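Protein chains in written order, with my numbering: chain P, 27 to 542; chain C, 27 to 542.
Below, the structure written as structure tokens:
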């Protein structure tokens, strides 16, 4: 292994830092180089040694990256600084994106059950199945259901059911109609600033979209195929493993039969097993049982009991518990403290993977979630967007090695931040704070797999300072912080390293120096 | 003095923090309260003791603040989350803004010579003086000049000169015309996102506006009155002292006579002296000689020599040196290292007040400015916007007690950040990082004095966590980090405390508890 020289001097940097921080000696200009290297060293991946091959690939990546960033500075058209809905096409033209797509990205750790797979599939496949009905709500959203005619029941808040098979035969422009279904299953729109003037408004729409998607996905035959296709999409995007926050809502059959949570888990297990048989280089999938944060205390108690039961019954699949829904509009974690402490009081560790800090509103009760998530012994923090406003919680998160699950596109689309160069994760990356990159709800945002979010993180959040080792560290982090067993982590890392080596060769083959 | 209880327990917090950070003991729920108080304690102003009266005022402020923030969360219409051009009217209706206007704000430390005073005054007064001509450039901007007719000289890049006195007599709608002048002297516009699609475009416009304003202000009679009126505006806004970054460009007389830098300094001195005679509770003003960062090395050498001369000749007024202009488009500080080290090599300390980190572009050469400013021994950092991306520089800035001059509205209008709840200073405030609030170029942004920026900092950057002590600390910081002598600082603090006490009484008189 050939490591760049400066990486051998870590002891020197510590001494310099110590001098400034403790002895308050004033730095001289001669220290400039050492200080800059110290910053590079602290950066995510900055302390990874690079192989000869990695240095060559990094040379290519740096060159392409500098070109793209310089161009963006000049033209004012730089994808991470733009809304993702406008940036997506530009991103797809980027050679860096092309490289990131090919890169083995490890694990996707922050993903939601009904927003895993491109909506195209839902529209083009699920809604074309027999017995698929649609209805329209007064707010302009849609719901689907599959019935046999005799089991059909009208929803209180929706129009008459329309059988899609029949309806499509009557209308002239089926493509246009399918596009309208598509628009009802994603947040994508040409003028997001106009369409969504506030966080509350976009969250309302977001919830409607989830309801629409879940009404399709909760149909048993769709449920399984959807998950299989989702795994395919992540696998195709070079993701080796995923953990999903799953509500485990009832899944129904054509005759109205409802399946319970256990059925859902078994279905996820079956599909994952089948997928692994078909794609032996896919590691697998786990489920974080999730409930809505609007529950009351007694409902939460029931759900925690249920979580414990599932965790015990399906130890290989159900790995923990979380809450979902707009954080600003829900109960703070502290509201549920008694319920959330039940497992600990029983002497059982139920791992928590709490969303926390997905807010811009400093000082409100919700804003205590970050600290409380840590005090409640969370294994990871979903988003953690506001953690820079909580230096004590931030120190705890670093000391206790609790990673933040960064979902750049989600944070942008859901209006926490507009220019991703300003995402607080830029500080986390600069400080080497434990973190992973994920996609949250790629389907709803018009993304696919993890590559778009990795692109935003690599180009926008990390800027030119993020290197190939940053990508490597982020992927390695995703394995390290997953809920896999130690043994499976070791195997996955081994598999990943093999894929990484292949990826390096691919990049070297794609770009010859003289072409850059 | 009655301090809230938790503020007495600082030793406890240190022990808890030490436990987590050093011994890695896992926290228990019993520590929650202590940890939250520790965070409150670290917050800007969090370790200030409150008097009985301050606690009563804080009760009022907190109540009004919570109401306004809760309303903003609900309606989605919260000024710090909106563009200032749209937020301004809303801010003016806020009781918190009303309180902030009344508050003695100490010193304005980051202000530029040609953008101090509301543009209204330039349009309504300066352009109505005799002999004022205007011309139009091909890019749609304007320039002014005062000539006697025989000294008139056409500018290469401008239309024929039009005498305003005569022109106004010919046109029907003078108000409309004056409004058009106004629009040419500020960045204000109804749709800033459309008008300024990129940072480069808005900076281009910003520079044109500066040129237009300076073409008025550089006329000797305007120069002095402008400065007097500016002091009046700051004084009226309850600011006690200002430091201005001044280019000291030639000031001209009607007959074309040009005055040099020394004349400008003397003029500033005279005006300040006169103003202090008229308003004995105003402390004064100092000048930071500033040059454009586009200079080449030999020009910079000349300017540093000039700075040394001025610093020696006017020790009471010229307090240091800085560079101005769009950071991303200019030379990095390091480019001028040899010139900037001249004073140190001569054994003279020329204080530096460098702009640094006014950029979103991490990893570009400009992005090294923050560290270099510190290495070059800067006394303060102008903006420091990107410092969270530079943990080593951030540690240095804290250890060396080099404050960041935060100009929220400037950073928003010049497109570094859109929602001010996301401004990186939220982290600085949470960590009690040395900082002051300033206004940069209030005239160009449509602000006035420091109150608008204080409002944004207090409501947006600090959120509900910022208290009355935060405001107090920010004002005290502005005195502490100013270039006043130790003795004048002590006197100013004394004056300020008297005004603060009066301010507390005013707030108590304004709001009775039963009205809240």
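The beta carbon of each residue, even a glycine, is placed where N, CA and C say it ideally should be.
All figures in this text were calculated on a predicted structure; none of them were measured in a lab.
Any idea what DSSP makes of residue i, helix, strand or coil?
i, result
"residue 466(C)", "strand"
"residue 61(P)", "helix"
"residue 456(C)", "helix"
"residue 411(P)", "coil"
"residue 96(P)", "helix"
"residue 172(C)", "strand"
"residue 307(P)", "coil"
"residue 290(P)", "helix"
"residue 443(P)", "coil"
"residue 489(P)", "helix"
"residue 189(P)", "strand"
"residue 125(P)", "helix"
"residue 388(P)", "coil"
"residue 404(P)", "strand"
"residue 538(C)", "coil"
"residue 243(C)", "helix"
"residue 348(P)", "strand"
Can we count residue i as close to the ligand ZN, meaning its CB is less than 6 angstroms from some heavy atom?
i, result
"residue 80(C)", "The ligand ZN is not among the ligands present in this structure, which contains no ligands whatsoever."
Measure the C-alpha to C-alpha separation of residue i and residue j and round it to an integer number of angstroms.
i, j, result
"residue 527(P)", "residue 408(P)", "30 angstroms"
"residue 226(P)", "residue 102(C)", "7 angstroms"
"residue 173(P)", "residue 158(P)", "7 angstroms"
"residue 179(P)", "residue 168(P)", "16 angstroms"
"residue 137(C)", "residue 518(P)", "56 angstroms"
"residue 251(P)", "residue 435(C)", "51 angstroms"
"residue 492(P)", "residue 455(C)", "27 angstroms"
"residue 106(P)", "residue 91(P)", "13 angstroms"
"residue 201(P)", "residue 278(P)", "28 angstroms"
"residue 153(C)", "residue 190(C)", "7 angstroms"
"residue 437(C)", "residue 65(P)", "25 angstroms"
"residue 71(C)", "residue 275(C)", "39 angstroms"
"residue 84(P)", "residue 498(P)", "11 angstroms"
"residue 311(P)", "residue 141(C)", "59 angstroms"
"residue 93(C)", "residue 415(P)", "21 angstroms"
"residue 118(C)", "residue 473(C)", "11 angstroms"
"residue 440(C)", "residue 214(C)", "12 angstroms"
"residue 332(P)", "residue 379(P)", "16 angstroms"
"residue 181(P)", "residue 325(P)", "24 angstroms"
"residue 208(P)", "residue 148(P)", "8 angstroms"
If you measure between the beta carbons of residue i and residue j, is that distance less than 7 angstroms?
i, j, result
"residue 508(P)", "residue 135(P)", "yes"
"residue 475(P)", "residue 265(P)", "yes"
"residue 342(C)", "residue 385(C)", "no"
"residue 260(P)", "residue 268(P)", "yes"
"residue 417(C)", "residue 457(P)", "yes"
"residue 185(C)", "residue 469(C)", "no"
"residue 123(C)", "residue 481(C)", "yes"
"residue 348(P)", "residue 314(P)", "yes"
"residue 133(P)", "residue 374(P)", "no"
"residue 376(C)", "residue 337(C)", "yes"
"residue 477(P)", "residue 263(P)", "yes"
"residue 490(C)", "residue 95(C)", "yes"
"residue 412(C)", "residue 389(C)", "no"
Please decide whether residue i counts as near chain A, where near means a Cβ-Cβ distance under 7 angstroms.
i, result
"residue 536(C)", "Among the protein chains in the structure shown, which are P and C, there is no chain A."
Taking only beta carbons into account, state which residues of the segment 209–230 of chain P come closer than 7 angstroms to chain C, listed in chain order. Only 223, 224, 225, 226 and 227 from the segment 209–230 of chain P bring a Cβ to less than 7 angstroms from some Cβ of chain C.
Please name the residues in the segment 447–480 of chain C whose beta-carbon is closer than 7 angstroms to at least one beta-carbon of chain P, in chain order. Within the segment 447–480 of chain C, the qualifying residues are 447, 448, 452, 453, 456 and 457.
Check whether the segment 230–245 of chain P and the segment 101–121 of chain P touch, using three or more Cβ-Cβ pairs below 8 angstroms as the test. Contact fails: fewer than three Cβ-Cβ distances are below 8 angstroms.
With a cut-off of 8 angstroms, do at least 3 Cβ pairs link the segment 353–364 of chain P to the segment 378–394 of chain P? yes
With a cut-off of 8 angstroms, do at least 3 Cβ pairs link the segment 427–445 of chain P to the segment 455–475 of chain P? yes
Does the segment 439–458 of chain C touch the segment 486–502 of chain P, meaning 3 or more C-beta pairs lie closer than 8 angstroms? no
Sufficient close CB pairs (3 or more, under 8 angstroms) joining the segment 116–129 of chain C to the segment 224–238 of chain C: no
Quick one, which residues of the segment 413–426 of chain C are near chain P if we go by CB-CB under 8 angstroms, in chain order? 414, 415, 416, 417, 418, 419, 421, 422, 425 and 426
At a Cβ cut of 9 angstroms, what residues of the segment 386–407 of chain P count as close to chain C, listed as they run along the chain? Flagged, chain order: 386, 387, 388, 389, 390, 393, 394, 397, 398, 400, 401, 402 and 403.
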